[in-house]
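Colleague: Chains as they are written, first to last, in the numbering used here: chain A, 49 to 350; chain B, 11 to 422; chain C, 3 to 292.
For each residue, glycine too, the CB sits at the ideal point set by N, CA and C.
These figures come from a predicted structure and were not determined experimentally.
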Amino acid sequence: MSTTAIREDRSGKGMARVSAALWRRAWLRATLTLTPPLAWFLVIYIASLLLMLVTAFWTVNPFTNVLEHSWTLANFNQLFSSPYPTIILRTVEMAAIVTVTDAVIALPFAYYMARVASPRARRLLFTAVLLPLWASYLARVYAWIVILQKGGTLSWTTSKLGLGAVNIGYTNTAMWVVFSYIWLPFMIVPLYGALERIPDSLLEASGDLGARAWRTFRTVVLPLALPGIIAGSIFTFSLTLGDFITPLLVGGASAQFIGNVIYSNIGTANNLPFAATLALVPIAIMVIYLLGARALGAFESL
Amino acid sequence: MTALRTKGTGERMKPRNVSRAAGALIAVAATALVVVSIIPAAASAGRANGGLTPPEAGAPVATSVGKGEGKLNLIAWEGYAQPQWVKPFTAATGCKVNTKYAGSSSEMVSLMANGGGGQYDLVSASGDADLRLIYAGDVRPVNISLIPSWKNFQSFLQSPSFNTIGGKHYGVSFEFGPNVLLYSTKTFKTAPTSWSVLYNKKYSGQITVPDNPIQIADAALYLSKTDPKLGISDPYELTQPQFNATVALLKQEHPLVKKYWDLASQEISLFQSGTTVVGAAWPYQTNTLVADKVAVAETIPSEGATGWADTWMLATKAPDPNCAYKWMQWMTTPQIQAEDAISFGETPGNKLACPIMDKLQKGSCEAYHANEPSSYFQSIKFWKTPLATCDNGKNDCVPFQDWVTAWTSIIG
Amino acid sequence: MEGRATRIGLRIWVVAVLLFLFVPIAIIFLYAFNSSNVQAWPIQGLSTKWLTVAWKDPQVHAALWLSVRAGLFATAVAMALGSAAAFGVHRFRFFGREGVSLLLVLPLALPGIITGIALNSAFQYVGVNLSLLTIVIGHATFCIVVVYNNVLARLRRVSGSLYEASADLGAHGFFTFRTITLPTLSTAIISGALLAFALSFDEVIVTTFTAGAQNTLPLWIFGAIRLGQQLPEVNVVVGFVLLLTVIPVAIAARLTGGGGVTRASVAPPRRERGAAVDVPASAEFEPAGL
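If you want it as structure tokens, here you go:
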């Protein structure tokens, strides 16, 4: 931009005056900039969350489905009685296993993408990782049913290879595979970002100091990649925690997750208070998780 | 978000301290929050509470059907709004149809909250949703004389207890079907004669039943015949001891079940891959599988069957009542009844549909029981909402909310 | 740096992961040509009839169009609000500043069903009818953070001296914004917008609770899956959308990080400070001239 262009700018004294006035009043600039997004969040999102959560202390008349504003802890009593603790535990376990699985799968992949691949290969790989997100989540999960069912693609392949038929359709294993598959791109992208930011000089220095490749990886690369892993884990953990579609489509007979029970309480029972009580569990878990993740620096890698 | 470090001027923007602005923002936001959170105490989804009279019983009914409003919003089961009969309907009436599909009766009840929210006109509710809709005031009475085909309906579908209360019709019955026992003809050379196959350890891991709390009624129906001393007469009206016995049976069944199906297509998948060999189903699944040359068949065992009867119900706040009436008229004509019966695999309510069905698809009238005598219909225990007030006048039956809670603990 | 054996091992791993990612996609494409309604393996027969069925289906057209509109509106809102929030957080220090990122990420970090139910009850309570507006509100809420993160990351990496120089040369604030800030941020905003659009386009859980009588594409797909009579048509539509998006995704990849402007050519200051936590974002496209 040439300086003459600036001097010739005729956008006017008016604009310049306003601009100067704003420059002097930083608080006004801040308010104008921050109010729209924060207002949106507080008034639309947080307020509606609170509205819903308040109903956890109320009940619904089973006959008429009208909310009764009588403060009670009955919902919480129900929450702590069978089978809800089992369901919650099952969900958290699956979320943790899926997170670890995705981290393990993503790490070598992201490392290759960030440090070994040529720029062109990197672009291709990045596209390849993002592309599946555009093929509907539902369609992809449904495709897994074909793969995992009795006599499905997986079973057919292992039979042909002489390994015998493998029938894992409608089991927890099936859910684990599908969850890991669906959230994998969400783990790869932040991990790639974190790995890609590690300067070569650090790794060279480590080598100069006598560390072999594996030691360098363990003591230099992994700690620096950790924020990326944690950032990715926010997604894999929370998405598994609240999902009800995958357990519905791919799970077996004991596959109720927190999301399913919330959904059935809203859909089946019209029992908003109990659904809200149930919803408190993933909210509490995720808020704690997010605070921990922020402390570990993961927000830089999101 | 660690504070930005600066190394030399100009390298980084120094953030400006604007505590005053923050103060203003926070104050406004906090006030808004507090106001919004306290107000719910004042207002709610408040409606007159149900009691024993439907809140909309006194609502005025249309005396004639006027000009169409140009659009119609439906909540329907999948397959109830096929282009095959929607296109001619729109051409004839000018009402453009938008359909919101729902996967379960309860979803329909949920969507219909607040009288349909001023958005939906009609809902194809099954019997177990009807009472809940009626007593919540979400649907209002229709003028049955405005639907001429109603005269030709099977007598027991004209004013059934699940959609007609106090002489007022809260919609028009549509079609119905039984919940059948679907089985693989490879495993069962002859049709099973009892629902006991679903509870038989021999088929462990190869059984499937619907994921729906109303399934408890199927188990209750089975127990009513196999354990008469429980005294179950109506599978939807269970006293606590009867209910407990039924739940115990279902919990015993749980380890034998491979999958509780939520979507019809899931059961189709299960049978087609051979994962399951027996299960509870709708005729729809049987037809789809047979059409695809999968070796299955269906039967109704000796203990009888539960069933579902769908009603097109009019939303209290329907924005397009004229188009709604036109749809109800259209969907009850013999031709459309026949088309839908074959398409979905259910039985038409209109007696005149049978010959048309055979013309469209030979043998379909018998296949879908459209020509069966009334006694067959009487043998089906149609879905209805379990209420605490039993028909026998007492108040000790288990209400649906408890069925839902129990179901969650059954499927674990 | 890495040994040859390691490189080979990594390559094998990458191929395996790519297979893992794309086998289900291949299944989708294959079963788009399924002659039967039931998805059996091996596939029973091939037919192209579903291509015409999908092409002519008015419900598909309506659903696609609604998804596109909802995505565009939500992305527009997210771009405006996300960028504004990023500016505010970057330029000003205020009480609660640390919490803003946490707040904005909540809609993505909390399960969708919770957001959906909360918004649905709020709309009912306020008396707003469910419609395109409510869908957009729902989508925009979780799309904001995506744009916010991208823009904030870019803001932190661009030297502040540009703005000071601009002011020194006599330009007022709006002029600087228009000619310096926006171009610098453009690729960050665009890549954030593309990701936001992708999130909105495929969203099903929140949309279930915020859509009225309309169907977005994922809602239509869910309905079709329920019925089980149109599965090949679903696969056709999904395959079609996927093919259409290959190019935009490739562009987005280039803008976000596959850009190639990384270790070899980038300016030292970012690197010498190591992976310091105050310099986030994967290598982004540097404005020409820096």
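At the 8 Å Cβ level, is M142 (chain A) part of the contact set with chain C, yes or no?
Modeller: As a working note, residue 142 (chain A) is residue 94 in the first sequence. Not closer than 8 Å to any Cβ of chain C, the Cβ of M142 (chain A) fails to qualify, so no.
Colleague: Are there 16 or more other CB atoms within 10 angstroms of the CB of A101 (chain B), so buried, or fewer, so exposed?
Modeller: Here residue 101 (chain B) refers to the residue found at position 91 when the second sequence is read from its first residue. So A101 (chain B) ends up on the exposed side.
Colleague: Could you tell me whether the Cβ of K327 (chain B) comes closer than 8 Å to any Cβ of chain A?
Modeller: As a first step, residue 327 (chain B) is located in the second sequence; it is residue number 317 there, counting from the start. Not closer than 8 Å to any Cβ of chain A, the Cβ of K327 (chain B) fails to qualify, so no.
Colleague: With distances taken from CA atoms, which of A:A324, A:L251, A:Q197, A:L287 is nearest P44 (chain C)?
Modeller: Reading the third sequence from its first residue, position 42 is the one you call residue 44 (chain C). The shortest C-alpha separation from P44 (chain C) is found at A:Q197.
Colleague: Quick check: is the beta carbon of Y213 (chain B) nearer than 8 Å to any beta carbon in chain C?
Modeller: One-based indexing of the second sequence puts residue 213 (chain B) at position 203. By this cut-off, Y213 (chain B) is not an interface position.
Colleague: Kindly say whether R71 (chain C), judged by its beta-carbon, lies nearer than 8 Å to any beta-carbon of chain A.
Modeller: Locating residue 71 (chain C) in the third sequence gives position 69, counting from the first residue. Taking Cβ atoms only, chain A never reaches closer than 8 Å to R71 (chain C), which makes this a no.
Colleague: For R263 (chain A), does the three-state DSSP call read helix, strand or coil?
Modeller: Working through the first sequence from its first residue, we reach residue 263 (chain A) at position 215. Looking at R263 (chain A) - three-state DSSP - the assignment turns out to be helix.
Colleague: Got a sec? Which residues, its chain only, sit under 6 Å from A273 (chain A) by beta carbon, not counting five neighbours each side?
Modeller: The residue you call residue 273 (chain A) lines up with position 225 of the first sequence. Taken in chain order, the residues that qualify are A242, L243.
Colleague: Expressed to the nearest angstrom, what Euclidean distance is found between the alpha-carbon atoms of P271 (chain C) and P167 (chain A)?
Modeller: Within the third sequence, numbered from 1, the residue matching residue 271 (chain C) stands at position 269. Within the first sequence, numbered from 1, the residue matching residue 167 (chain A) stands at position 119. Interpretation of P271 (chain C) is limited by its pLDDT of 33, a score under 50 that renders its predicted location unreliable; no figure is taken from the coordinates.
Colleague: Can you name, in chain order, every residue of its own chain whose Cβ lies under 6 Å from the Cβ of P344 (chain B), other than the five neighbours on each side?
Modeller: Position 334 of the second sequence, counted from the start, is the residue given in the question as residue 344 (chain B). These residues qualify, in order along the chain: N360, L362, A363, I366.
Colleague: Under 8 Å between C-beta atoms, does A51 (chain B) make it to chain A?
Modeller: Here residue 51 (chain B) refers to the residue found at position 41 of the second sequence. For A51 (chain B), the pLDDT reaches just 42, beneath the cut-off of 50, and the residue's location in the model is therefore unreliable, although a value from the coordinates is still provided. Judged by the 8 Å Cβ criterion, A51 (chain B) is in contact with chain A.
Colleague: Find the residues of chain C that neighbour M334 (chain A), judging by a C-beta separation of less than 7 Å, and give them in chain order.
Modeller: Within the first sequence, numbered from 1, the residue matching residue 334 (chain A) stands at position 286. The contacting residues are A111, L112.
Colleague: List, in chain order, every chain B residue whose beta-carbon is nearer than 8 Å to that of N351 (chain A).
Modeller: Because residue 351 (chain A) is not part of the residues shown, which for chain A are 49 to 350, the question remains open.
Colleague: So which of B:S353, B:G422, B:A307 has the shortest CA-CA distance to Y90 (chain B)?
Modeller: Mapped onto the second sequence, residue 90 (chain B) falls at position 80. Nearest option by C-alpha distance: B:S353.
Colleague: Counting along the chain, where does the alpha helix (DSSP H) carrying I85 (chain B) start and finish?
Modeller: Position 75 of the second sequence, counted from the first residue, corresponds to residue 85 (chain B). From DSSP, I85 (chain B) is part of no alpha helix (DSSP H) but of the beta strand (DSSP E) over 81 to 86.
Colleague: Under 8 Å between beta-carbons, which chain B residues line up against R156 (chain C)? List them in chain order, please.
Modeller: Counted from its first residue, the third sequence places residue 156 (chain C) at position 154. Neighbours of R156 (chain C) on chain B: none; closest Cβ ~13 Å, over 8 Å.
Colleague: Give the residues from the segment 172 to 188 of chain A that approach chain C closer than 8 Å (Cβ to any Cβ), ordered along the chain.
Modeller: So the close ones are L172, L173, F174, T175, A176, V177, L178, L179, P180, L181, W182, A183, S184, Y185, L186, A187, R188.
Colleague: Quick check: the segment 397 to 406 of chain B against the segment 320 to 327 of chain B, are there 3 or more CB pairs under 8 Å?
Modeller: Verdict: no, contact absent.
Colleague: Measure the alpha-carbon distance for G137 (chain B) versus I230 (chain A) and round it to whole angstroms.
Modeller: As a working note, residue 137 (chain B) is residue 127 in the second sequence. As a working note, residue 230 (chain A) is residue 182 in the first sequence. Distance between the alpha carbons of G137 (chain B) and I230 (chain A): 38 Å.
Colleague: Which whole-angstrom value is the C-beta distance of W292 (chain B) and G187 (chain B), which I expect to be below 8 Å?
Modeller: Position 282 of the second sequence, counted from the first residue, corresponds to residue 292 (chain B). Position 177 of the second sequence, counted from the first residue, corresponds to residue 187 (chain B). Indeed, because the Cβ distance is near 6 Å, the residues count as touching under 8 Å.
Colleague: What are the start and end residues of the beta strand (DSSP E) that includes L192 (chain B)?
Modeller: Your numbering for residue 192 (chain B) matches position 182 in the second sequence. First-last of the beta strand (DSSP E) with L192 (chain B): 190 to 194.
Colleague: When burial is assigned at 16 or more other CB atoms within 10 Å of the CB, is L201 (chain C) buried or exposed?
Modeller: Taking the first residue of the third sequence as 1, we reach residue 201 (chain C) at position 199. Classification for L201 (chain C): buried.
Colleague: Find the residues of chain C that neighbour S279 (chain B), judging by a C-beta separation of less than 9 Å, and give them in chain order.
Modeller: On the second sequence, residue 279 (chain B) is found 269 positions in, with the first residue counted as 1. Near S279 (chain B) (Cβ distances below 9 Å), the residues of chain C are V40, Q41, A42, G230.
Colleague: Can M367 (chain B) be considered in contact with the ligand NAD, in the sense that its beta carbon sits closer than 7 Å to one or more heavy atoms?
Modeller: Ligands are entirely absent from the displayed structure, and the ligand NAD is therefore not among its contents.
Colleague: Comparing C-alpha positions only, which one of C:L244, C:L246, C:V238, C:V243 sits nearest to Y33 (chain C)?
Modeller: Residue mapping note: residue 33 (chain C) aligns to position 31 of the third sequence, counting from 1. For the residues C:L244, C:L246, C:V238, C:V243, the minimum Cα distance to Y33 (chain C) belongs to C:V238.
Colleague: Does chain A have any CB closer than 8 Å to the CB of K269 (chain B)?
Modeller: Along the second sequence, read from residue 1 onward, the residue named residue 269 (chain B) stands at position 259. Judged by the 8 Å Cβ criterion, K269 (chain B) is in contact with chain A.
Colleague: Which same chain residues, not among the five before or five after S134 (chain B), have their C-beta less than 6 Å away from its C-beta?
Modeller: In the second sequence, counting from the first residue as 1, residue 134 (chain B) sits at position 124. Once the five neighbours on either side are set aside, the close Cβ partners of S134 (chain B) are A86, W87, Y90, D320, W322.
Colleague: Check the Cβ of Y127 (chain C) against every Cβ in chain A and list those closer than 9 Å, keeping chain order.
Modeller: In the third sequence, residue 127 (chain C) corresponds to position 125, counting from 1. Near Y127 (chain C) (Cβ distances below 9 Å), the residues of chain A are S96, L99.
Colleague: At the 8 Å Cβ level, is R256 (chain C) part of the contact set with chain A, yes or no?
Modeller: Position 254 of the third sequence, counted from the start, is the residue given in the question as residue 256 (chain C). Yes, contact with chain A.
Colleague: Tell me which residues of the segment 109 to 136 of chain B have at least one Cβ-Cβ distance to chain A shorter than 7 Å, keeping chain order.
Modeller: Flagged, chain order: S114, S116, E117, V119, S120.
Colleague: What residue range is occupied by the uninterrupted alpha helix (DSSP H) comprising P84 (chain A)?
Modeller: For the purposes of this step, residue 84 (chain A) is taken as residue 36 along the first sequence, with counting starting at 1. From DSSP, the alpha helix (DSSP H) with P84 (chain A) extends over 74 to 87.
Colleague: Give me the residue from B:S120, B:P202, B:S169, B:E356 with the minimum Cα distance to A146 (chain B).
Modeller: Position 136 of the second sequence, counting from 1, holds the residue named residue 146 (chain B). It is B:S120.
Colleague: So with CB distances below 7 Å, who are the chain C contacts of D425 (chain B)?
Modeller: Residue numbering for chain B in the displayed model covers 11 to 422; residue 425 (chain B) lies beyond these limits and cannot be assessed.
Colleague: Any idea which residues DSSP pairs Y111 (chain B) with across the strands?
Modeller: Against the second sequence, residue 111 (chain B) aligns to sequence position 101. Answer is B:A86.
Colleague: With a threshold of 6 Å on Cβ separation, who are the neighbours of E66 (chain B) within its own chain once the five nearest residues in sequence on each side are excluded?
Modeller: As a position in the second sequence, residue 66 (chain B) is number 56, starting the count at 1. Excluding positions up to five away in sequence, the list reads G147, R150, T326.
Colleague: Run down chain C in chain order and give the residues with a C-beta less than 7 Å from the C-beta of N83 (chain B).
Modeller: Against the second sequence, residue 83 (chain B) aligns to sequence position 73. Per Cβ cutoff of 7 Å: A215.
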